[in-house]
DNA sequence: TTGAAAGCGATACCAT
DNA sequence: ATGGTATCGCTTTCAA
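Chains as they are written, first to last, in my numbering: chain B, 926 to 1277; chain D, 926 to 1277.
Dropping the structure here:
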């Protein structure tokens, strides 16, 4: 039992195939009478226009490719869901590609192109400059999310990681911490490098010398392990800036359950992202919140704009992070008196 | 600058367009000499076969639709990532649809069909019998993940939620708990209903009368709120079975930080899923682990099998859950002596 | 092994 | 407003 085509519908309704096509084209001119006859025939046959054939003839697919590294990283699912919902709202579909950390986005790219996606969103922390340029040369609009590439002609929406790193440095120094450490995320991720750079730059500018950087990864386990190494040192740090919240949770659990440290009396911990779990009473993590929702919307807006005008100049938008004061870090007085921060994940939907 | 087509390549290589097509068809017969000439021309023009055109003429797209309700639910991202990776391995792409809880899968279905997906995976806890039947009648293979529909002719891969609920009932009664409660997930989700049914059925069979069911949702916040209501009752429960781990984390935090209860001395809590956070020392949650990886593979296998033979009889596979003993529940001695359960998320990759 | 030509199921331009 | 027809880029018979 094959699926009905516009020809079948045309035959049944006693009209031409072109007319059937018009009925299913929003702004085409068809008489009310013909339209209803065609729709009746279509309903009877269970006809649905074939999007593949339409794509071929219209030369656009309404499909947006999304290349995402590690969907399981915290807050990636949230971003993905929002992307999809927004795209669906504007009549676009999402072809999703997962790019495992070991393989580059490049492998998937060929495939993505074969499917003639109208545009591409790349959410993968590790992407090379050459890759970015290659994307730009594809002739289809590409927007990088949470990643920017200096010097490359690509559209990008990103948090101002460097500035956020500097902010944390100031905070921890102002509060009188002496032995500072940074726990890394995935080594070559730009988010990780930028946060560390801002943090260390500012520490150096203010003359701090006792700073260590501990290798990690964007996982809870890596945070736990890194904290164990760090807290075993003779010159144990009294403050740790962690590349992301999920990693910071691991750091907190290690500090509390392996080293019996009190937070924040013995150790201050600051994370990055403000994932829902950061607000849970078990963690109560002070962190840097990024305006995810605004960034997501900006990504979609920018992509849609470039869909209309592919030749427009590439644009990079940096969004500032904001401190969310909770209980995991001793901070200078002016910060501590800030209004209490929302608890739980309600803000994922609202406050951002 | 338009993209090169097979005609462009043919012209440059001095062969027919058919020949170019053959070069890009795995088992076609082309002389080595011609092939290399064509490949050279293709490379020069940056030619990539147009998958849309191929789909139209081959009458299959190699695209699998995935309809997922709430991508942000715990362990959905994990499932999604695995699906995509497996599909990519067998040369299939994933067109992803998000089905918000308020809207039914049905809305998306029409769209999915228009894109001529070869098959469909539905991971949405709420789906009606009619819907399931409608899917079956589409003529394209459909596999339900983590959901089955009694009486409908559809393929489904699911945990044996009823049996798991009965297991938990036995456990808690054997340990001598007296006042038992169930904290629900999303009200009309089959996973939720089945877990509750198994739990309550078995409790009744063994003569337990003091059982309450507290409305909830598959979120941390809902668990926190439900626990607050439950623990405020004069006949406060001494054991709670929670519809899923993420909800259970909320229950634990409420019990500890709002009611100052000791876990498991004052209250036993058992969850469901064994998400990574369940193993974190802050929660140390006793739970029911489902063999996710095996279920994912079964889903893909079943789908691929039905792709070959769409007419084969629908199949429903139930996978048993297994108890993971950690510290959040007082359990009868035989259970407590079990070997210590793996810590952290390593098992997500291995043990399943 | 290779080339010519007929689809695949729509869209869109051109007549009427 | 409607019908006829070329077209999109590929696959796949059928001949050569």
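Each residue gets a CB set at the ideal place from its N, CA and C atoms; glycine is no exception.
Open item on the list: So, with DSSP's three-state summary, where would you put residue 1147 of chain B?
Closed with: helix
Open item on the list: Taking the straight line between their C-alpha atoms, what separation do you get for residue 1072 of chain B and residue 1084 of chain B?
Closed with: 8 angstroms
Task: Endpoints, the beta strand (DSSP E) within which residue 1164 of chain D is located - done: 1164 to 1167
Open item on the list: Going by DSSP in three states, residue 1139 of chain B sits in which element: helix, strand or coil?
Closed with: strand
Open item on the list: Runs of 4 residues minimum, wholly inside the stretch 1053 to 1096 of chain D: which ones carry the alpha helix (DSSP H) assignment?
Closed with: 1054 to 1062
TODO: May I ask you to list, following chain order, the residues of the stretch 953 to 985 of chain D that have a beta carbon less than 7 angstroms from some beta carbon of chain B?
DONE: 973, 974, 975, 976, 977, 978, 980 and 981
Task: Closest Cα partner of residue 1187 of chain B within the set B:1199, B:1163, B:1158 and B:1197 - done: B:1163
Open item on the list: Just verifying my parser: in three-state terms, what is the DSSP assignment at residue 1046 of chain D?
Closed with: strand
- [ ] Report the neighbours of residue 1234 of chain D on chain B: residues whose CB is nearer than 9 angstroms to its CB, in chain order.
- [x] Simply none; closest approach about 16 angstroms.
Task: Closer than 7 angstroms at the beta carbon, the chain D residues around residue 1038 of chain B - done: 973
TODO: Measure the C-alpha to C-alpha separation of residue 1173 of chain B and residue 958 of chain D and round it to an integer number of angstroms.
DONE: 58 angstroms
TODO: Anything in chain D within Cβ reach of residue 1199 of chain B, meaning under 8 angstroms, just list it in chain order.
DONE: Under the 8 angstroms cutoff, chain D gives no residues; its nearest Cβ is about 15 angstroms from residue 1199 of chain B.
Open item on the list: Between the alpha carbons of residue 1007 of chain B and residue 1103 of chain D, how many angstroms are there, rounded?
Closed with: 44 angstroms
Task: Rounded C-alpha distance that separates residue 950 of chain B from residue 986 of chain B - done: 15 angstroms
Open item on the list: In this structure, how does DSSP classify residue 1270 of chain D when only helix, strand and coil are distinguished?
Closed with: Residue placement at residue 1270 of chain D is flagged as unreliable, the pLDDT there being 44, under the threshold of 50; the coordinate-derived value follows with that caveat. Here residue 1270 of chain D sits in coil by DSSP.
Task: Backbone CA spacing between residue 1147 of chain B and residue 1175 of chain B [nearest angstrom] - done: 7 angstroms
Task: chain D contacts made by the stretch 999 to 1011 of chain B, where a contact means CB separation under 8 angstroms - done: 1001, 1002, 1003, 1005, 1006, 1009 and 1010
TODO: Give the residues of chain B in contact with residue 1021 of chain D, contact being defined as C-beta atoms less than 9 angstroms apart.
DONE: 991, 1005, 1009, 1018, 1019, 1020 and 1021
Open item on the list: Once the 5 residues before and after residue 1091 of chain D are set aside, which same chain residues still bring their CB inside 8 angstroms of it?
Closed with: 1123, 1124, 1126 and 1127
Task: For residue 1107 of chain B, three-class secondary structure by DSSP - done: strand
Open item on the list: Can you check which of these residues, B:1041, B:1158, B:1255 and B:1211, is closest to residue 980 of chain B by C-alpha distance?
Closed with: B:1041
Task: Beta carbon proximity, residue 1121 of chain B to chain D, threshold 8 angstroms - done: no
- [ ] Let me know if residue 1015 of chain D comes out buried or exposed under the rule of 16 or more other beta-carbons within 10 Å of its beta-carbon.
- [x] exposed
Task: Within-8 angstroms CB hit, residue 996 of chain D to chain B - done: yes
Task: Host alpha helix (DSSP H) of residue 1172 of chain D (start-end) - done: 1170 to 1182
TODO: Would you please verify whether the beta carbon of residue 1193 of chain D is less than 8 angstroms from any beta carbon of chain B?
DONE: no
TODO: Could you tell me how far apart the beta carbons of residue 1197 of chain B and residue 1169 of chain B are, in whole angstroms, since I believe they sit closer than 8 angstroms?
DONE: 5 angstroms
Open item on the list: Is there a Cβ of chain B sitting closer than 8 angstroms to that of residue 933 of chain D, yes or no?
Closed with: no
- [ ] Return the residues of the stretch 1202 to 1218 of chain D that lie within a Cβ-Cβ distance of less than 8 angstroms from chain B, sorted by chain order.
- [x] 1202, 1205, 1206, 1207 and 1208
Task: Under 8 angstroms by beta carbon: chain D residues contacting residue 1178 of chain B - done: 1205, 1206 and 1207
Open item on the list: Can you tell me whether residue 971 of chain B is buried or exposed? The criterion is at least 16 other CB atoms within 10 Å of its CB, across all chains shown.
Closed with: exposed
TODO: Could you name the residues of the same chain whose beta carbon sits closer than 7 angstroms to that of residue 963 of chain B, not counting the 5 residues immediately before and after it, in chain order?
DONE: 934, 938, 940, 944, 945 and 948
- [ ] Closer than 7 angstroms, Cβ to Cβ, to anything on chain B: give me those residues from the stretch 1118 to 1146 of chain D, in chain order.
- [x] 1145 and 1146
Open item on the list: In whole angstroms, give me the CA-to-CA distance for residue 1212 of chain B and residue 1143 of chain D.
Closed with: 25 angstroms
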